[in-house]
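So the structure is just underneath, and the comments pick up after that.
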Amino acid sequence: MGQYSVIDYSIDSLCDIISIENDISFQSLKHKLHIIYLEDYFQFMEVRTIVLERDYIDKDYLEDYAAYYVRSFNSYKRTCLRLHFFSKAFNQDIFKPILTNSSEIELTNDYVGFIVVKPLPQTIFGRTCLRTYPNAGCRYFNFVRPYHVNLYGINLKVESIAYQEQDSVVAACASSAIWSAFQATGLLFQHSIPSPVEITKAATVFFPYANRHFPNKGLNPEQMAHAIRNIGLEPFLISAKEYDILKATTYAYQRAKLPMVLGVMLENWVEGTALGRHAVTITGYRIGNARTRFVGQDFYLKSSRIEKIYCHDDQVGPFARMEFTRDDNRLTTSWVDKNRVMGRIVATPEIIIIPLYHKIRIPFEIILEIIYRIDGLLKLISKIAGLNNGLNINEIEWDIFLTTNNDFKSEIRLDKALAEGEKLSILTKGLPKYIWRAIGSIDDEKVELIFDATDIEQGEIFIRLIPYSQSLSELMRTIAANINVDDIESIQLIKIFKMLKV
69 MGQYSVIDYS
79 IDSLCDIISI
89 ENDISFQSLK
99 HKLHIIYLED
109 YFQFMEVRTI
119 VLERDYIDKD
129 YLEDYAAYYV
139 RSFNSYKRTC
149 LRLHFFSKAF
159 NQDIFKPILT
169 NSSEIELTND
179 YVGFIVVKPL
189 PQTIFGRTCL
199 RTYPNAGCRY
209 FNFVRPYHVN
219 LYGINLKVES
229 IAYQEQDSVV
239 AACASSAIWS
249 AFQATGLLFQ
259 HSIPSPVEIT
269 KAATVFFPYA
279 NRHFPNKGLN
289 PEQMAHAIRN
299 IGLEPFLISA
309 KEYDILKATT
319 YAYQRAKLPM
329 VLGVMLENWV
339 EGTALGRHAV
349 TITGYRIGNA
359 RTRFVGQDFY
369 LKSSRIEKIY
379 CHDDQVGPFA
389 RMEFTRDDNR
399 LTTSWVDKNR
409 VMGRIVATPE
419 IIIIPLYHKI
429 RIPFEIILEI
439 IYRIDGLLKL
449 ISKIAGLNNG
459 LNINEIEWDI
469 FLTTNNDFKS
479 EIRLDKALAE
489 GEKLSILTKG
499 LPKYIWRAIG
509 SIDDEKVELI
519 FDATDIEQGE
529 IFIRLIPYSQ
539 SLSELMRTIA
549 ANINVDDIES
559 IQLIKIFKML
569 KV
């Protein structure tokens with residue numbers, strides 16, 4: 069065989085390639101959940117052609133190989149296959165002149181991504197970078213990054229976050245989930261990205277009696293937290309047992325390009341049987357149009373509109389959909405049960421672990437509590453005193469999220485609603501690296517409060533009010549001028565209303 073092959077795409081041809089090159093049963097591949105998922109994914113992406121690259125050396129697999137497989141009695145290859153997927157149809161005869169630069173055909177815009185296939189009996193899907201679902205005005209993948217690919221001298225690029233299947237020998241699902249999260253934080257915070265085997269070693273180094281390092285069957289939250297600390301970030305653990313908290317937390321931190329690991333309990337809802345705990349990396353979300361009450365109260369958050377999250381699920385595939393059900397705090401999954409039926413396996417969220425930069429000290433819940441109290445006071449005082457400036461204050465919706473100073477000022481600079489003087493004042497003001505933004509909106513009216521995310525909780529975290537529109541901003545200041553701060557227990561609220569009076 070040559071070093072490469074060009075094959076017309078079909079799910080059967082994909083299985084044929086892997087079956088022949090890895091000496092795996094075709095039928096067992098056809099029943100593999102990843103193949104079922106990829107068939108739907110590639111159909112959506114309109115994939116037409118596969119280019120097979122043989123004897124590819126993958127860094128992450130090489131680390132695993134050196135740590136475990138090289139010492140096995142049975143011999144395992146040290147090189148992998150790399151499969152490249154294109155939405156353009158072409159064959160070997162067309163590809164050869166493209167490769168030698170004697171053809172004007174371009175493949176850059178038709179590149180869907182690649183999958184590394186490891187030379188193992190079962191857990192074959194290694195580093196995988198595939199294009200995300202299109203935004204369509206409702207899907208958001210805030211921390212995808214460019215992966216540059218050189219295919220025999222052809223420079224290609226795919227915007228994605230790397231994924232790989234759990235290898236139960238050297239990496240449990242938690243290690244794979246953390247590895248995918250580090251793909252984002254590595255670029256954001258400039259740290260090295262350890263391989264799954266290195267993550268597992270770091271997670272278990274201080275837990276010698278918890279289980280064997282290799283093979284490893286799973287990590288507990290403490291071990292996951294230690295793996296995150298090992299690369300210089302701080303693990304932030306949050307309960308995810310309430311829908312609205314999960315949605316709000318996902319939205320708030322992912323707007324700052326921060327990934328998160330979600331721990332769930334899987335169960336078959338038809339049989340009522342628990343299948344065990346599982347970890348995935350939340351990589352995106354989908355927002356609907358309907359305004360929704362937060363925790364059933366008279367308080368509206370934009371994040372409550374989230375209908376689905378997208379996850380790197382090592383047992384399914386990249387950007388796998390998990391949809392919020394209406395009746396209880398469970399998510400649908402793309403898993404299939406023992407009868408190969410999809411839709412019966414659901415996930416109950418339990419915990420979120422976020423790898424944070426150490427200077428992000430103010431958690432989302434602090435800002436959420438402040439805005440919740442402000443929202444309540446606005447509605448109460450407006451009702452009692454009749455101060456509404458012609459607005460239906462009960463309809464206000466809040467958009468709360470973390471961002472950087474640079475991203476904030478770039479957005480402010482392009483905003484057409486702010487007066488020139490106000491804009492100049494904001495752009496030239498010194499701000500901390502990370503800030504919390506809380507934007508309240510009613511129809512075309514908008515006001516914003518910004519907070520220092522790097523201060524201590526007792527500090528002066530409120531920075532200023534941004535008056536995008538007149539009526540809502542004046543209402544905020546009028547209420548601040550008429551409120552008795554001595555009746556307020558919250559130190560932060562007192563500071564906010566005192567500053568708004570000035």
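Counting from 1, position 239 in the sequence shown corresponds to residue 307 in our numbering; the numbering is continuous, with no gaps. Ideal Cβ placement from N, Cα and C applies to all residues, glycine included.
Rounding to the nearest angstrom, what Cα-Cα distance links residue i and residue j in this structure?
{"i": "Gly221", "j": "Ser155", "result": "20 Å"}
{"i": "Val265", "j": "Thr117", "result": "33 Å"}
{"i": "Leu486", "j": "Lys477", "result": "12 Å"}
{"i": "Gln560", "j": "Gly331", "result": "32 Å"}
{"i": "Ala342", "j": "Met328", "result": "24 Å"}
{"i": "Ile92", "j": "Arg195", "result": "19 Å"}
{"i": "Tyr129", "j": "Val184", "result": "9 Å"}
{"i": "Ser73", "j": "Leu224", "result": "18 Å"}
{"i": "Lys491", "j": "Lys497", "result": "10 Å"}
{"i": "Asp84", "j": "Ile125", "result": "22 Å"}
{"i": "Asp123", "j": "Leu106", "result": "23 Å"}
{"i": "Asn159", "j": "Pro165", "result": "11 Å"}
{"i": "Pro376", "j": "Asn357", "result": "The sequence shown places Lys at residue 376, not Pro. If you take the alpha carbons of Lys376 and Asn357, they lie about 13 Å apart."}
{"i": "Thr272", "j": "Ser450", "result": "56 Å"}
{"i": "Arg429", "j": "Lys484", "result": "32 Å"}
{"i": "Asp312", "j": "Phe94", "result": "43 Å"}
{"i": "Asn284", "j": "Glu479", "result": "Bear in mind that the predicted position of Asn284 carries a pLDDT of just 45, short of 50, making it unreliable; the figure below should be weighed with that in mind. Asn284 and Glu479: Cα-Cα distance of roughly 45 Å."}
{"i": "Val290", "j": "Cys206", "result": "Strictly speaking, residue 290 in this sequence is Glu, with Val absent from that position. The straight-line gap from Cα to Cα measures roughly 35 Å."}
{"i": "Tyr109", "j": "Asp366", "result": "39 Å"}
{"i": "Glu131", "j": "Pro262", "result": "9 Å"}
{"i": "Arg150", "j": "Pro202", "result": "24 Å"}
{"i": "Thr401", "j": "Leu175", "result": "34 Å"}
{"i": "Lys325", "j": "Ala270", "result": "24 Å"}
{"i": "Ser372", "j": "Asp161", "result": "52 Å"}
{"i": "Thr168", "j": "Leu219", "result": "12 Å"}
{"i": "Lys406", "j": "Asn177", "result": "40 Å"}
{"i": "Thr147", "j": "Thr191", "result": "15 Å"}
{"i": "Met113", "j": "Asn473", "result": "35 Å"}
{"i": "Leu568", "j": "Leu517", "result": "11 Å"}
{"i": "Glu463", "j": "Ala521", "result": "27 Å"}
{"i": "Gly364", "j": "Ser558", "result": "23 Å"}
Should residue i be listed as close to the ligand ADP, given that the test is whether its C-beta is under 6 Å from any heavy atom?
{"i": "Gln160", "result": "This structure does not include the ligand ADP; it has no bound ligands of any sort."}
For the putative contact between residue i and residue j, defined by C-beta atoms under 8 Å, what is the C-beta separation to the nearest angstrom?
{"i": "Val515", "j": "Ile534", "result": "7 Å"}
{"i": "Leu459", "j": "Ser539", "result": "6 Å"}
{"i": "Phe182", "j": "Val217", "result": "6 Å"}
{"i": "Phe530", "j": "Ala548", "result": "Rounded, the Cβ-Cβ distance is 12 Å, inconsistent with contact."}
{"i": "Ile420", "j": "Ala293", "result": "Not confirmed; about 12 Å, so no contact."}
{"i": "Pro303", "j": "Pro423", "result": "6 Å"}
{"i": "Val115", "j": "Tyr77", "result": "5 Å"}
With burial defined as no fewer than 16 other Cβ atoms inside 10 Å of the residue's Cβ, what is the status of residue i: buried or exposed?
{"i": "Lys186", "result": "buried"}
{"i": "Gly489", "result": "exposed"}
{"i": "Ile503", "result": "buried"}
{"i": "Ile438", "result": "buried"}
{"i": "Leu244", "result": "First, the residue type needs correcting, since residue 244 is Ser and not Leu in the sequence shown. So Ser244 ends up on the buried side."}
{"i": "Gly344", "result": "exposed"}
{"i": "His99", "result": "exposed"}
{"i": "Thr393", "result": "exposed"}
{"i": "Glu233", "result": "buried"}
{"i": "Gln322", "result": "buried"}
{"i": "Ser509", "result": "buried"}
{"i": "Lys127", "result": "exposed"}
{"i": "Ala320", "result": "buried"}
{"i": "Asp381", "result": "buried"}
{"i": "Val237", "result": "At Val237 the pLDDT is 46, less than 50, meaning the model places this residue with poor confidence; the figure from the coordinates comes in the next sentence. Answer is buried; the Cβ neighbour count reaches 16."}
Does the distance from the C-beta atom of residue i to that of residue j stay below 7 Å?
{"i": "Leu97", "j": "Ile88", "result": "no"}
{"i": "Glu354", "j": "Tyr368", "result": "What sits at residue 354 in the sequence shown is Arg, not Glu. No."}
{"i": "Glu391", "j": "Ala308", "result": "no"}
{"i": "Phe193", "j": "Ala252", "result": "no"}
{"i": "Ile350", "j": "Cys379", "result": "yes"}
{"i": "Ile461", "j": "Leu445", "result": "no"}
{"i": "Thr317", "j": "Phe432", "result": "yes"}
{"i": "Ala347", "j": "Cys241", "result": "yes"}
{"i": "Ile507", "j": "Asp443", "result": "no"}
{"i": "Trp247", "j": "Ile229", "result": "no"}
{"i": "Leu334", "j": "Ala415", "result": "yes"}
{"i": "Tyr215", "j": "Cys197", "result": "yes"}
{"i": "Tyr199", "j": "Leu255", "result": "Rather than Tyr, the amino acid found at residue 199 in this sequence is Arg. No, they are not a contact pair."}
{"i": "Phe362", "j": "Ile435", "result": "no"}
{"i": "Gly385", "j": "His152", "result": "no"}
Is residue i close to chain B? Criterion is C-beta to C-beta, closer than 7 Å.
{"i": "Glu233", "result": "Considering every chain present, this structure includes no chain B. It has just one protein chain."}
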